[in-house]
Amino acid sequence: MEKWILLLKLFFSFIQVGLFSVGGGYAAIPLIQYQIVEVHGLLTMEEFSDLITIAEMTPGPISINSATFVGMRLAGIPGVLLCSIGCVIPAFIICLILARIYYKYRNVSGVQTVLAALRPAVVALIASAGMSILLLALFKAEKEDIVFADFRYIEAILFAGGLFLIRKYKVNAVIVIFGTGIVGTIFYLLLSI
Amino acid sequence: MENMKTEQKKSTILKQLFISNFLLSSCTFGGGFVIVSLMKKKFCEELQWISEDEMLDITAIAQSSPGPIPVNASVILGYRMAGVTGAFIAVLGTILPPMIIISIISYYYVYFKENRVIQIALQVMRAGVAAVILDVVINLAEKVWKTKRKLYLVMMITAFIAVWIFDISAMLVILVCLAIGVIDLLLDKKGRQEH
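If you read the protein sequences in the order shown, they are chains U and C. If you read the first sequence in the numbering used here, its first letter stands for residue 2, the second for the next number, and so on. If you read the second sequence in the numbering used here, its first letter stands for residue 31, the second for the next number, and so on.
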């Protein structure tokens, strides 16, 4: 019985996380902290900060990572499933509705004019995310605390090489990402011997 | 016969949706816009399912609605390709990799956190991720350039400075551009009526 109550609690907590985290990624962190640490006391603050570290180190959205982590620690596989489903349900329903509206009206010429004005902004958003990751790669720091002496040559070469391979030979993106991971790691390990 | 063909086609699309999203989601280090870049490469360039403009629209909607951007984008893309079933399968592909990975490492996370090789790998992989995103950005910016509308160029550059240098929220930038789009539409209509 107690387990069921815990599972329900988790489920509804993550529905709220999913529902109120607009803008994705880091916007969700304070919400998760509020639901999991403060309201229900399911994790300590220390466990929570570990969770954020791991979420940043692993692929996937932070809220799904958190839902899985909290679910696993507190209620095993059923917990993982309930938390993740709860986290995704609001997005699923809302986006289905938005998708229906979009595909119904997108060919109306007025709608096209308005959407066309959004596209440059989206390109800028993607560019901004790309620049932040590039700086993290080249200096291992956010843009506010970059030290030029910390320039990382190996990452710079990997970046230039990766970009060259994609643009010139259309090498698959997944191969480039994991390729730089493997080549770079081997390089650093050899250097440290 | 015709029915069987479309059924078969649908199941191929569903399979492709699941596998693609599963693979892309497995290497999305660094937030929502990374997977959007990967999706653009996969679904616009490789499979040619949707146009680049459509992908940008999907990104704008995904960014503006609640929930993680990769999940939102998968729902819309899945719905576009194969209705509600498509949306469901696409989301499943997107959320399974992080669910599996975190479930496995949640017990060994202290080891994972402190392992030197993993830390190096994660750091150098960023160089590859940055290369992929930059490639996508170059292609998309070229397209904006080709519209030959100064307004769009100015909007793109201003939006970039606003978000990257001044940390203005993505949501606000989208809302402002939406407003500019509506004004543009109204002026356009007025201009046509006067002629």
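Built from N, CA and C at the ideal position, the CB exists for glycine as well. Note that this is a predicted model, so its numbers are computed, not measured.
Counting beta carbon pairs with one atom in the stretch 70-85 of chain U and one in the stretch 91-104 of chain C, are three or more of them shorter than 8 Å?
The stretch 91-104 of chain C and the stretch 70-85 of chain U do not touch, with fewer than 3 CB-CB distances between them shorter than 8 Å.
Taking a Cβ distance cut-off of 7 Å, strictly less, list which residues of the stretch 70-88 of chain C are near chain U, in chain order.
Those residues of the stretch 70-88 of chain C that come within reach of chain U (Cβ to Cβ, closer than 7 Å) are Lys71, Asp83, Leu86 and Asp87.
Could you tell me if Ala151(C) is buried or exposed, where buried requires 16 or more neighbouring beta carbons within 10 angstroms of its beta carbon?
Classification of Ala151(C): buried, given that the 10 Å Cβ count is 16 or more.
Trp194(C) touches chain U at which residues, Cβ-Cβ below 7 Å?
The answer, in chain order, is Ser129 and Met132.
Considering only their Cβ atoms, is the gap separating Arg153(U) from Lys144(U) smaller than 8 Å?
With a cutoff of 8 Å on beta-carbon distance, Lys144(U) and Arg153(U) are scored as not near each other.
For chain U, check one thing: does any of its Cβ atoms lie closer than 8 Å to the Cβ of Ser153(C)?
Going by the sequence as given, residue 153(C) is Gln instead of Ser. At least one chain U Cβ lies under 8 Å of Gln153(C).
Please tell me whether Ile63(U) and Ile30(U) are closer than 8 Å, where the distance is taken between their beta carbons.
Taking 8 Å as the Cβ cut-off, Ile63(U) and Ile30(U) qualify as a contacting pair.
Counting only beta-carbon separations shorter than 8 Å, does Arg222(C) have a partner in chain B?
Absent from the structure is chain B; the protein chains it does hold are U and C.
Which of the residues in the stretch 76-104 of chain U, read from start to end, lie with their CB under 7 Å from any CB of chain C?
Residues passing the 7 Å Cβ filter: Val81, Ser85, Val89, Pro91, Ala92, Phe93, Ile95, Cys96, Leu97, Leu99, Ala100, Tyr103 and Tyr104.
Grouping DSSP H, G and I as helix and E and B as strand, with all else coil, what is Ser50(U)?
Here Ser50(U) sits in helix by DSSP.
Give me, in chain order, the residues of the same chain whose beta-carbon lies closer than 8 Å to that of Glu197(U); leave out the 5 immediate sequence neighbours on both sides.
Residue 197(U) lies beyond the residue range present for chain U, which begins at 2 and ends at 194; the question has no answer from this structure.
Going along chain C in order, which residues have a C-beta closer than 7 Å to the C-beta of Val123(U)?
Near Val123(U) (Cβ distances below 7 Å), the residues of chain C are Leu86, Thr89 and Ala90.
Selection of the stretch 48-68 of chain C by Cβ proximity to chain U, strictly under 9 Å:
Hits within the stretch, in order: Leu53, Leu54, Ser55, Ser56, Cys57, Thr58, Phe59, Gly60, Gly61, Gly62, Phe63, Val64, Ile65, Val66, Ser67 and Leu68.
Chain C beta carbons: is any one of them nearer than 8 Å to that of Lys169(U)?
For Lys169(U), the closest Cβ of chain C is not nearer than 8 Å.
Give me the subset of the stretch 36-62 of chain U whose CB atoms are less than 7 Å from a CB atom of chain C, sorted by chain position.
Cβ contacts with chain C come from Asp51, Thr54, Ile55, Met58, Thr59, Pro60, Gly61 and Pro62.
Phe178(U) versus Ile6(U): straight-line alpha-carbon distance, rounded
According to the sequence displayed, residue 178(U) carries Ile and not Phe. One C-alpha to the other measures close to 42 Å.
Quick check on the burial criterion: 16 or more other C-beta atoms within 10 angstroms. Buried or exposed for Phe160(U)?
So Phe160(U) counts as buried.
Could you list which residues in chain U have their beta carbon closer than 7 Å to that of Asn102(C), in chain order?
Neighbours of Asn102(C) on chain U, chain order: Ala92 and Cys96.
Do the stretch 43-51 of chain C and the stretch 170-189 of chain C meet, that is, are 3 or more Cβ pairs less than 8 Å apart?
By the Cβ test, the stretch 43-51 of chain C is not in contact with the stretch 170-189 of chain C, since fewer than three Cβ pairs between them sit closer than 8 Å.
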